[in-house]
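J.: Here the sequence shown stands for residues 29 to 471, numbered as in our numbering. The beta carbon of each residue, even a glycine, is placed where N, CA and C say it ideally should be.
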Amino acid sequence: MTLRDLIARKRDGGALTAGEWAFVARGVASDQFPDYQVAALLMASFLRGLTPDETVALTDAMLMSGSRLRLDHLTVGRVDKHSTGGVGDKVSLVLAPLVAACGVAVPMVSGRGLGHTGGTLDKLESIPGFNTRLTLEEAARQVERIGCALIGQTAEIAPADRKLYAMRDVTGTVAAMPLIAASIMSKKLAEGLTGLVLDVKTGIGAFLPSLDDELALARQMVAIGEHYGCPVVVLLSNMDFPLGHECGNANEVAEAIEALKGGGPPDLRELTLRLGAEMLVLGGVARNVVAATKTLEKALVSGAALAKFREVVVAQGGNPAVCDDPAQVLPRPARREPYRATRNGIVQRVNALVIGRAITTLGGGRETMDDLIDHSVGFSLSVIPGTPVNQGEVLAWVLASDDAGVAAGQAALDEAITIGDAPVTLPPFISHRVTRDGVERLS
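What follows is the structure, given as structure tokens:
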């Protein structure tokens, strides 16, 4: 068996066996194959697809290529959340400490920026000193001690996926449903969870092009979870326009801290509470989502959620003063310039995809695997679709490192923000819930 043979079969529309996917995962994890062959297999898989059996086999192969987080001895539920990626999506920064403050262990393994979306790790590393590179043993001890750890995918966790994840970002193969499902589930199953909540994005800023594809992805991940005895709940949330006001890295951390203090944009709060409620139910500390939501709201009002985030920051070497005054601790952009409306009217759209790509152009995302991130750049938005505006009104701020960045940011906003005269009806924000019992339309 050679990787060349497997590439050719997948190119021609054939399926690989579980043993062959295991061979691929072992070779990728051990750097046995050159990048160009791995890239060719990714592209063939992207174009030809994987069968359901292949997707489970790839998940298992990547899971078994590394070690698992050992938390079976804990008496509390172990639940995590994962998003398929959005623009302005800082939910994990709020959700993990909030849920942990309510008595559920949250061993959260997150990723870096992928495609046009930001990464939780890049945001966290905006905090001076914050260490996301804990070993599995260190992460397990931290979860035992304070109930939460926010870490990256170490060399121990699904190492085959770690390389494939990075290569998908730079080979144009991010938006492949089976690759997304296998990547997410291999990492999450390595955490030793008793439950998992997934946020699958829909709309312009989502990786997958249609609602049918997004529902199929949700069903696929639920099925993989059931295969391993891990209950999975999936919510579909809209990503036509960015989540919250802040898009970037450091500025998203500041907005997340605002939310942990009980404030923040309404959409960020709504999605956090909805996902958190599902996590508390799966974690066994609430009977239903109504009771769970009340528990979460109390943790925000009492300050318990912010206190838990402070514990995590301290435990992982970050500056805890970020919890008190983010503006004094987080990196600041060299330039902060307003973007103004050119006419009176109603905002018709704020294109999440365009804004996400523009953040990469400004230096806040990656075009190659080795790119460094400028944590200070991004956008601060003041409007959403449906907002009435007047000529000259500030619609957004461009956060940039130099004049060229300001110009690029302004040009991106010219493309992203459309003003017209027609009234705007927003699509449902959280539209579907998918479990082993099927698909429930929420609105």
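1) How long is the line joining the alpha carbons of residue 410 and residue 302, rounded to whole angstroms?
2) Identify, in the order they occur along the chain, each residue of the same chain with its Cβ nearer than 6 Å to the Cβ of residue 121, setting aside the five sequence neighbours on each side.
3) Please report the distance separating the alpha-carbon of residue 90 from that of residue 181.
4) Report the option in 463, 136, 203, 108 whose CA atom is closest to the CA atom of residue 77.
5) Looking at the secondary structure, which residues open and close the beta strand (DSSP E) in which residue 346 lies?
6) Using beta-carbon positions only, say whether residue 262 and residue 250 come within less than 8 Å of one another.
7) Give me the Cα-Cα distance between residue 373 and residue 382, rounded to the nearest whole angstrom.
8) Please work out which residues of its chain come closer than 8 Å, Cβ to Cβ, to residue 415, disregarding the five sequence neighbours upstream and downstream, and give them in chain order.
9) Going along the chain, which residues of its own chain have a beta-carbon closer than 8 Å to the beta-carbon of residue 29, five neighbours each way excluded?
10) Just the C-alpha distance for residue 299 and residue 270, rounded to the nearest angstrom, thanks.
11) For residue 162 and residue 218, I'd like the C-alpha separation in whole angstroms.
12) Mind checking residue 173: buried by the 16 CB within 10 Å criterion, or exposed?
13) Give the single residue among 42, 132, 339 whose Cα lies nearest to the Cα of residue 351.
14) Spatial neighbours of residue 231 within its chain, please: C-beta separation below 6 Å, excluding the five flanking residues on both sides.
15) Using DSSP with H/G/I as helix, E/B as strand and the rest coil, what is residue 193?
16) What are the complete beta strand (DSSP E) segments, minimum 3 residues, inside the segment 118-159?
17) Can you check which of these residues, 363, 189, 334, is closest to residue 129 by C-alpha distance?
18) Residue range of the alpha helix (DSSP H) that residue 74 falls in?
19) Mind checking who residue 109 pairs with in its DSSP beta bridge?
20) Have a look at 165, 296, 193 and flag the residue whose alpha-carbon is nearest the alpha-carbon of residue 57.
21) I need the DSSP call for residue 412, collapsed to helix, strand or coil.
22) Below 8 Å, can you find three or more Cβ-Cβ pairs linking the segment 436-444 to the segment 395-402?
23) Just reading off the beta strand (DSSP E) that residue 446 is part of, what are its end residues?
24) Output yes or no for whether 8 Å exceeds the beta carbon distance between residue 358 and residue 246.
25) Using the C-alpha atoms, what's the distance from residue 234 back to residue 377?
26) From residue 72 to residue 35, what distance separates their C-alpha atoms?
27) Which residues bound the alpha helix (DSSP H) around residue 460?
28) What number of angstroms, rounded off, separates the C-alpha of residue 349 from the C-alpha of residue 123?
29) Does residue 344 pass the burial test, meaning 16 or more other C-beta atoms within 10 Å, or should it be called exposed?
30) Looking at the ligand NAP, does it come within less than 7 Å of residue 308, judged from the CB to the closest heavy atom?
31) Would you kindly work out how many angstroms separate the C-alpha atoms of residue 81 and residue 256, rounded to a whole number?
32) Residue 252 and residue 209 look like a contact to me (Cβ under 8 Å); what is the Cβ gap, rounded to whole Å?
33) Please name the residue or residues paired with residue 275 in a DSSP beta bridge.
34) Which two residues bound the contiguous beta strand (DSSP E) that contains residue 265?
35) In or out: residue 200 buried (at least 16 other Cβ within 10 Å) or exposed?
36) Closest to residue 456 by CA distance: which of 184, 146, 189, 239 is it?
T.: Put simply:
1) Spanning the alpha carbons of residue 410 and residue 302 requires a straight line of approximately 24 Å.
2) The answer, listed in chain order, is 284.
3) Straight-line Cα distance between these residues: approximately 12 Å.
4) When each option's Cα is compared against that of residue 77, the closest is 203.
5) First-last for residue 346: undefined, no H or E at that position.
6) For residue 262 and residue 250, yes; Cβs fall inside 8 Å.
7) If you take the alpha carbons of residue 373 and residue 382, they lie about 21 Å apart.
8) Excluding residues within five positions, the ones whose Cβ falls inside 8 Å are 374, 375.
9) The answer, listed in chain order, is 48, 51.
10) Spanning the two alpha carbons is a distance of roughly 13 Å.
11) Residue 162 and residue 218: Cα-Cα distance of roughly 15 Å.
12) Residue 173 is classed as exposed because its beta carbon has fewer than 16 other beta carbons within 10 Å across all chains shown.
13) Comparing Cα positions, the closest option is 339.
14) These residues qualify, in order along the chain: 266, 267, 268.
15) Correct three-state label for residue 193: helix.
16) Whole beta strand (DSSP E) segments, 3+ residues: 134-138.
17) Among 363, 189, 334, the Cα nearest to that of residue 129 is on 334.
18) Here the alpha helix (DSSP H) through residue 74 covers 63-76.
19) 225.
20) The candidate whose alpha carbon is nearest that of residue 57 is 193.
21) Looking at residue 412 - three-state DSSP - the assignment turns out to be coil, as it is neither helix nor strand.
22) No, the segment 436-444 is not in contact with the segment 395-402.
23) From DSSP, the beta strand (DSSP E) with residue 446 extends over 445-448.
24) Taking a C-beta distance under 8 Å as the contact criterion, residue 358 and residue 246 do not qualify as a contact pair.
25) Near 15 Å, if we compare the C-alpha coordinates of residue 234 and residue 377.
26) Whole-angstrom Cα-Cα distance: 7 Å.
27) Here residue 460 belongs to no alpha helix (DSSP H); instead the beta strand (DSSP E) covers 458-463.
28) A straight line joining the alpha-carbon of residue 349 with that of residue 123 spans about 20 Å.
29) In this structure residue 344 is buried. Its beta-carbon is surrounded by 16 or more other beta-carbon atoms within 10 angstroms.
30) Ligands are entirely absent from the displayed structure, and the ligand NAP is therefore not among its contents.
31) Taking the CA atoms as reference points, residue 81 sits about 14 Å from residue 256.
32) Confirmed, Cβ separation roughly 6 Å.
33) Bridge partners of residue 275: 407.
34) Taken as a continuous stretch (DSSP letters only), the beta strand (DSSP E) holding residue 265 covers 260-266.
35) Exposed: under 16 other Cβ atoms inside 10 Å.
36) It is 239 whose Cα lies nearest to the Cα of residue 456.
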